[in-house]
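Report on the structure given below.
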Amino acid sequence: MGGERLWYERDVERVIVTEEQIATRTAELAKQVSADYQGVDRLLLVSVLKGALMFTADFARALGRCGTPVELEFMAISSYRQGTTSSGVVRILKDLDRDIGGAHVLVVEDIVDSGLTLSWLLKYLASRSPATVEVAALFRKPGAMRTAPPLKYVGFDIPSDFVIGYGLDYAEKYRELPFLAVLKPEVYRRVGG
Ligand code: IMP
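Numbering (numbering that gives the first Met the number 0), first residue to last: 0 to 192.
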């Protein structure tokens, strides 16, 4: 196998955030969250599938290292997209499994682009009467400034290119890559038609 190019090398144009940078920043965010939620006995991470899968797993373990107990809930939502742009129309594919009334909720998001998906989600969660709701998003694009839902914890501000890896997909591919990268334009032509 040695000497062969990895399968994704022909598709990836450049890596924007490395595996090491993600790990370091995740640990920093966990430290900050641990300090902010000291004394809170039930911090509920609400992870937004599928994109936030990797970040949630690493972030929860980083919080564990800081000694902060968390519980995990998952929602799966699909934001209708036109090409690579969010439309703000959201469909729930998997709802919360339990009552979040009175809970301290921390939404764990992969990426905030326009912020439309997150705005919708925050309204939805607020209608279930949690004690508090904050957001931890690993990546934020410049477009998020326009709609600006309150993002208390942000990992990286990145350019507005369409990115893949570390949970993020293009046509359900590339989620398993441990870094964040930009695809070569020809991939969109090949996969997206
Ligand atoms: P928004 O509603 O524009 O903020 O888009 C949010 C959702 O779109 C994210 O949760 C991702 O699922 C997806 N998304 C936004 N930008 C990208 C990207 O660059 N790559 C992959 N998915 C993205």
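Glycine included, each C-beta is placed from N, C-alpha and C at the ideal position.
Spanning the alpha carbons of SER159 and GLY142 requires a straight line of approximately 7 Å. Taken in chain order, the whole alpha helix (DSSP H) runs of length 4 or more contained in the segment 100–155 are 115–125, 143–146. Relative to the Cα of MET74, the nearest Cα in the group PHE54, ARG64, VAL47 belongs to VAL47. Between ARG60 and ARG188, the alpha-carbon positions lie close to 38 Å from each other. THR116 has its Cβ nearer than 7 Å to a heavy atom of ligand 1. Note that the segment 17–25 does not touch the segment 34–50; fewer than 3 beta-carbon pairs, one per stretch, sit closer than 8 Å. Counting C-beta atoms within 10 angstroms of its own C-beta, PRO148 has 16 or more neighbours from the protein chains shown and is therefore classed as buried. ILE76 is not a Cβ neighbour of VAL88, given a cutoff of 8 Å.
In the DSSP annotation of this structure, ILE157 is not part of any beta strand (DSSP E), being labelled neither H nor E.
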